[in-house]
Every structure is written in structure tokens, then in C-alpha cells.
Amino acid sequence: MDQPPGFIASVETHLVCCLRRSLYGLKQSPRAWFGRFSSALIEFGMTRCEANHSVFFLHSSSGICIYLVVYVDDIVITGDNSDGICRLKSHLQRQFQMKDLGPLRYFLGIEVAHSTSGIAIY
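If you're matching positions, the sequence shown starts at 1 in my numbering and goes up one per residue.
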């Protein structure tokens, strides 16, 4: 790193500049948010997938299965128990500012169409 313009210390060449703030923004901010988010999910009883750390799941002894996928600022929750999904959403809304966008329509550029005969992915 070069000395800032106007700063002259030719005698003290062994000194370094001390940064008072990050040069490129808050690099650790997303990591801190994901750590807090993961803790909230684990507190609810979910388990993080070993193969993909952005996938969480809950398999209860009573047969309830809930899956959560997080990608940047999008979260998809699915499962076979609507009451469990509602409890998970309430748990997350108590800890984070969230907006429920309703049934999934688009995720990662993939269109999801719901009909009476099932779900189609385009």
C-alpha cells in the first residue's frame, strides 16, 4: 500500500499505514448473517445438509419433513406439513425482518407453475 497523497514520512520508511475501515466494504457481513440465520434454524430443530450448507432439513419422529433452501436473499421452504412450515416461518419472522411472497413462482431463473394436476417446472 502506498502512502496517501500529502502524507510525507520519508525518514520513517519502516512504518505501515493502519486502516480504520475496510477498503472494499464489509466482507464478513454475509458470513455473519448466515451464521445467525443458521443458528436460528438449528434452534428450531433443523439440521444443515453436509453436502450443501445452504440446505436445511427437519425430519421428525412423527414423520414430518420440512426442507429449507437459502440462496443469497431468497429462501424456499417446502415440506409435507403446513402447520410445521407455518411454525418455522413464525420462528424466523420473530428473529428477522421477512416478507412472505406466497407460493413459489420463480427461483434461480426457473419458473414453477402450480395447477390442480401438480407442479410443473419450466
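Virtual Cβ for every residue (Gly too), placed ideally from N, Cα, C.
Being a predicted model, the structure only gives us computed values, none of them experimental.
From this set, the options, which residue's C-alpha is nearest residue i's C-alpha?
i      : options                       : result
Gly63  : Ser54, Ile85, Val69 and Asn81 : Asn81
Tyr106 : Ala32, Ile75, Gly6 and Phe57  : Ile75
Ser54  : Gly84, Cys65 and Gly35        : Gly35
Thr78  : Val72, Cys18 and His59        : His59
Ile85  : Ile66, Asp73 and Ala32        : Ile66
Using DSSP with H/G/I as helix, E/B as strand and the rest coil, what is residue i?
i     : result
Arg87 : helix
Ser62 : coil
Arg82 : The identity of residue 82 in the sequence shown is Ser, whereas the question assumes Arg. Ser82: helix per DSSP, three-state reduction.
Leu68 : strand
Taking only beta-carbon positions, decide if residue i is within less than 7 Å of chain B.
i     : result
Leu92 : Absent here is chain B; the protein component of the structure consists of one chain.
Excluding the 5 residues flanking residue i on each side, which residues of the same chain have their C-beta closer than 8 Å to its C-beta?
i      : result
Phe96  : Phe37 and Ala40
Ile110 : Ile121 and Tyr122
Sorted by chain position, which residues of the same chain lie with C-beta nearer than 6 Å to residue i's C-beta, five sequence neighbours on each side aside?
i     : result
Leu68 : Phe56 and Ile77
On the DSSP letters alone, give me the boundaries of the alpha helix (DSSP H) that residue i sits inside.
i     : result
Ile42 : Ser29 to Phe44
Which residue marks the beginning of the beta strand (DSSP E) containing residue i, and which one marks its end?
i      : result
His53  : Looking at the DSSP string, His53 is not in any beta strand (DSSP E), and its letter there is neither H nor E.
Ser117 : Run containing Ser117: none; DSSP gives neither H nor E here.
Only counting the same chain, and skipping five residues up and downstream in sequence, which positions put a Cβ closer than 7 Å to that of residue i?
i     : result
Tyr71 : Ser54 and Leu108
>> Assess contact between the region 94-104 and the region 45-65, defined as three or more Cβ pairs (one per stretch) separated by less than 8 Å. Is contact present?
In response: They do not touch, by the three-pair rule.
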